[in-house]
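K.L.:
Residue numbers (this note's numbering): 182 to 517. For glycine and all other residues, C-beta sits at the position ideal for the given N, C-alpha and C. Sharing a structure with you now.
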Ligand SMILES: Nc1ncnc2c1ncn2[C@@H]1O[C@H](COP(=O)(O)OP(=O)(O)OP(=O)(O)O)[C@@H](O)[C@H]1O
Ligand SMILES: [Mg+2]
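Okay, structure coming up:
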């Protein structure tokens, strides 16, 4: 749901495209992706494995792993434009404007330095945020309190001395240290046990309320998406295929056949018992994409046109966007 009365988006991503070289050719992991996020929104990014979610998340903070490269696109944050043609500019976003939390398994901490040393290092590199390192440490302590961790337990500890759940909470707090406007989280709960998954999601929700955070999180957990996200973006084989309010996407407003298939593939206890409908086939190899719509070979609604022409993402007045010849044509017929 888009908050009532919200005006300009906080973040606007336009035509973001990321390539990885592959032999003499290249793999386009993110292909002309455009979307908007409003201030204080929680935005979920979903899609099957290999669809380009992590690559997109990394691109937002200028951290696409080499040899990957942002080859096109623009990012507008609070009216400031950052262009992919200036990687230095784009990287300047990282930390201070857009914070990043990596997948739990790879926390991003240096294993041979204490957490406190690493926090001090960040604070010294960004004197513009706090008047002194002591003031920055006090803010770090305050954030630790919000995620229910005592500073005495964390400050002198090495990464390996913390449990998975603690490490992930410290990673979130560290990403928030420089007071970014947007926090990007790549599968923040995937490597955690069920209880810690719940705890981290609840704490993120509290941080969102207390700090007025805007969040973009990548996840495979559609139950969490339905529960916490205002807006949902769905990627398929490098392209954004549908985006809109979570209530619409998980309710009757959902349009793209892939999104329906993805939601129906989640084990859910319905009135008639357990229902799981797997999606037949696999995500195509990005180096050998089928012609037309990338989902067409697996799509139960596909028509001849779908295997010939790639559908464009079409957005309606409410901000709901979908890339599908069949549903866009049906909508057009209904509205005329
Ligand atoms: N380091 C890399 N080198 C070469 N190609 C890569 C690299 N990282 C990603 N890719 C390409 O980009 C595609 C998308 O990868 P990405 O990690 O973004 O997917 P994902 O949606 O995050 O998947 P998952 O849900 O499994 O994390 C991959 O299928 C691969 O073709
Ligand atoms: Mg990923």
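Excluding sequence positions up to five away, which residues of its chain have a Cβ less than 7 Å from the Cβ of residue 140?
P.N.:
A question about residue 140 goes unanswered here, because the residues of the chain that appear run from 182 up to 517.
K.L.:
Taking its Cβ as the centre, do 16 or more other Cβ atoms sit within 10 Å of residue 452, making it buried, or is it exposed?
P.N.:
A caution first: residue 452 carries a pLDDT of 46, below 50, which makes its placement in the model unreliable, though a value can still be read off. By the 10 Å Cβ count, residue 452 comes out exposed.
K.L.:
Does residue 418 come out as helix, strand or coil in the three-state DSSP assignment?
P.N.:
Reduced to three states, the DSSP call for residue 418 is coil.
K.L.:
Specify the secondary structure class of residue 226 as computed by DSSP and reduced to three states.
P.N.:
The answer is strand: DSSP assigns residue 226 an E or B state.
K.L.:
If you reduce the DSSP assignment to three classes, tell me which class residue 324 lands in.
P.N.:
Residue state, collapsed to three classes: helix.
K.L.:
Below 8 Å on the Cβ atoms is my contact criterion, and I expect residue 205 with residue 398 to pass it. Report the Cβ-Cβ distance as a whole number of Å.
P.N.:
36 Å between Cβ atoms; not a contact.
K.L.:
Report back the beta-carbon spacing between residue 199 and residue 245 to the nearest angstrom; my notes put them in contact at under 8 Å.
P.N.:
About 6 Å separates the two Cβ atoms, so the contact holds.
K.L.:
Pick helix, strand or coil for residue 183, following the three-state DSSP scheme.
P.N.:
Any reading at residue 183 must be qualified, since the residue scores a pLDDT of 41, below 50, and its modelled position is unreliable; the value itself is stated next. Looking at residue 183 - three-state DSSP - the assignment turns out to be coil, as it is neither helix nor strand.
K.L.:
Rounded to the nearest angstrom, what separates residue 249 and residue 201 at their Cα positions?
P.N.:
Each residue's alpha carbon lies about 4 Å from the other.
K.L.:
Taking C-alpha atoms, which residue in 328, 212, 357 lies nearest to residue 281?
P.N.:
Residue 357 is the option with its Cα nearest to residue 281.
K.L.:
Does DSSP classify residue 482 as helix, strand or coil?
P.N.:
If DSSP states are grouped into helix, strand and coil, residue 482 belongs with coil.
K.L.:
Applying the 10 Å Cβ sphere with the 16-neighbour rule, what's the burial state of residue 405?
P.N.:
Residue 405 comes out buried.
K.L.:
Beta-carbon separation of residue 473 and residue 484 under 8 Å?
P.N.:
Cβ distance not < 8 Å, so residue 473 and residue 484 don't count as in contact.
K.L.:
Go ahead and label residue 197 buried or exposed: buried means 16 or more other beta carbons lie within 10 angstroms of its beta carbon, across all protein chains shown.
P.N.:
Its Cβ being crowded by 16 or more others within 10 Å, residue 197 is buried.
K.L.:
Tell me, to the nearest whole angstrom, how far the beta carbon of residue 222 is from that of residue 362; I am working on the premise that it is less than 8 Å.
P.N.:
That belief does not hold up - the Cβ atoms of residue 222 and residue 362 are roughly 12 Å apart, past 8 Å.
K.L.:
If I'm right that residue 387 touches residue 369 with Cβ under 8 Å, what's the distance once you round it to whole angstroms?
P.N.:
Contact doesn't hold; Cβ gap of about 14 Å is too wide.
K.L.:
Whole-angstrom Cβ separation of residue 447 and residue 482, contact assumed at under 8 Å?
P.N.:
With 8 Å as the limit, residue 447 and residue 482 do not qualify as a contact, their Cβ atoms being about 20 Å apart.
K.L.:
Using CA coordinates, which residue listed in 338, 418, 377, 432 is at the minimum distance from residue 408?
P.N.:
Closest option to residue 408, Cα to Cα, is 432.
K.L.:
So residue 253 is in the alpha helix (DSSP H); what residue range does that whole segment cover?
P.N.:
First-last for residue 253: 250-258, but that is the beta strand (DSSP E), not the alpha helix (DSSP H).
K.L.:
Could you have a look at residue 445 and say whether DSSP puts it in helix, strand or coil?
P.N.:
Helix at residue 445.
K.L.:
How many angstroms separate the CA atom of residue 335 from the CA atom of residue 379?
P.N.:
Roughly 21 Å separates the two Cα atoms.
K.L.:
Under 7 Å from any heavy atom of ligand 2, does the C-beta of residue 368 make it?
P.N.:
Checking every heavy atom of ligand 2 against the Cβ of residue 368, one is found closer than 7 Å.
K.L.:
Considering only C-alpha positions, which residue in the set 189, 218, 195 is nearest to residue 365?
P.N.:
It is 218 whose Cα lies nearest to the Cα of residue 365.
K.L.:
Straight-line CA distance for residue 208 to residue 234?
P.N.:
If you take the alpha carbons of residue 208 and residue 234, they lie about 14 Å apart.
K.L.:
Closest to residue 322 by CA distance: which of 343, 443, 297 is it?
P.N.:
Measuring from the Cα of residue 322, the nearest candidate turns out to be 297.
K.L.:
Would residue 176 be called buried (16 or more neighbouring beta carbons within 10 Å of its own) or exposed?
P.N.:
There is simply no residue 176 to check, as the chain begins at 182 and stops at 517 in what is shown.
K.L.:
Just tell me which of 502, 303, 391, 215 has its CA closest to the CA of residue 425.
P.N.:
With distances taken between Cα atoms, residue 425 lies closest to 502.
K.L.:
Pull the bridge partners of residue 496 from the DSSP assignment, please.
P.N.:
Note: residue 496 sits in a beta bridge opposite 502.
K.L.:
Less than 8 Å between the CB atoms is what I'm expecting for residue 394 and residue 415, so what's the real figure, rounded?
P.N.:
Rounded, the Cβ-Cβ distance is 22 Å, inconsistent with contact.
K.L.:
Buried or exposed, going by whether 16 or more other CB atoms sit within 10 Å of the CB of residue 400?
P.N.:
So residue 400 ends up on the buried side.
K.L.:
Determine the direct distance from the alpha carbon of residue 354 to that of residue 328, and round the result to whole angstroms.
P.N.:
Approximately 8 Å, taken between the alpha carbons.
K.L.:
Between which two residues does the alpha helix (DSSP H) carrying residue 429 extend?
P.N.:
Note, residue 429: alpha helix (DSSP H), 427-431.
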